[in-house]
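A.B. asks:
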Amino acid sequence: MDFLGKKYKMTSSENFDEFMKAIGVGLITRKAANAVTPTVELKKEGDTYNLVTSSTFKTTEAKFVPGQEIDEERADGAKVKSVYTLDGNVLKQVQKSPDGVEVTYVREFGPEELKATMTAKDVTCTRVYKVQA
1 MDFLGKKYKM TSSENFDEFM KAIGVGLITR KAANAVTPTV ELKKEGDTYN
51 LVTSSTFKTT EAKFVPGQEI DEERADGAKV KSVYTLDGNV LKQVQKSPDG
101 VEVTYVREFG PEELKATMTA KDVTCTRVYK VQA
């Protein structure tokens, strides 16, 4: 759990535009989202975790207890339901939108980097983040 409280800044992104298209994000929002390099931080307060993703475009927070479904708003404003599970240094999120699209996020936290793999329909996106000094 030494990754808790560390800030990870995105350094590479592969297939993100196709991923956003698969989940129904519009062109203008995709252009804005592709232009930023977000920072991810996972914090813990008691039994509750808080996943904060921040950029100049938007900051989102997801407060969750592993295994419990939460209502969430994606960065593009879509209302979704998510269940997070934490297994060691791997945070898995299964997100469902009202139109039935299911997205799986797997975030692997390491001492120096975070690798995030996002899958929707048949599209997979990989983003790599490095620990900020």
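Residue numbers 1 to 133, in my numbering, belong to the letters of the sequence shown in order.
All C-beta atoms in this analysis are idealised placements derived from N, C-alpha and C, irrespective of residue type, glycine included.
Note that the structure is predicted; figures quoted are calculated from it, not measured.
#1: Along the beta strand (DSSP E) that carries residue 130, what are the first and last residues, could you check?
#2: Which whole-angstrom value describes the C-beta separation of residue 19 and residue 120, a residue pair presumed to lie in contact below a C-beta threshold of 8 Å?
#3: Quick one: what does DSSP say residue 29 is sitting in, helix, strand or coil?
#4: Please confirm whether residue 85 and residue 66 have their CB atoms less than 9 Å apart.
#5: Could you check whether the Cβ of residue 28 sits closer than 8 Å to any heavy atom belonging to the ligand SAM?
#6: Would you tell me roughly how many angstroms separate the C-alpha atoms of residue 117 and residue 133, rounded to the nearest one?
#7: Using alpha carbons as the reference points, say which of 107, 59, 88 lies closest to residue 75.
#8: Looking only at C-alpha atoms, which of 122, 111, 56 sits nearest to residue 34?
#9: Could you have a look at residue 112 and say whether DSSP puts it in helix, strand or coil?
#10: Going by alpha carbons, who is nearest to residue 107 out of 40, 26, 21, 14?
#11: Would you kindly report the start and end of the unbroken beta strand (DSSP E) that includes residue 71?
#12: Assign residue 103 to buried or exposed, taking buried as 16 or more other Cβ atoms, counted over all protein chains shown, within 10 Å of its Cβ.
#13: Give me the DSSP bridge partner(s) of residue 118.
#14: What are the start and end residues of the beta strand (DSSP E) that includes residue 9?
C.D. replies: Taking the coordinates as given:
#1: 123-131
#2: 6 Å
#3: helix
#4: yes
#5: Questions concerning the ligand SAM fall outside what the structure shown contains, since it holds no ligand whatsoever.
#6: Residue 117 and residue 133: Cα-Cα distance of roughly 24 Å.
#7: Measuring from the Cα of residue 75, the nearest candidate turns out to be 59.
#8: 56
#9: coil
#10: When only C-alpha atoms are compared, the closest one is 40.
#11: Its beta strand (DSSP E) spans residues 69-73.
#12: buried
#13: 105, 125
#14: 7-14
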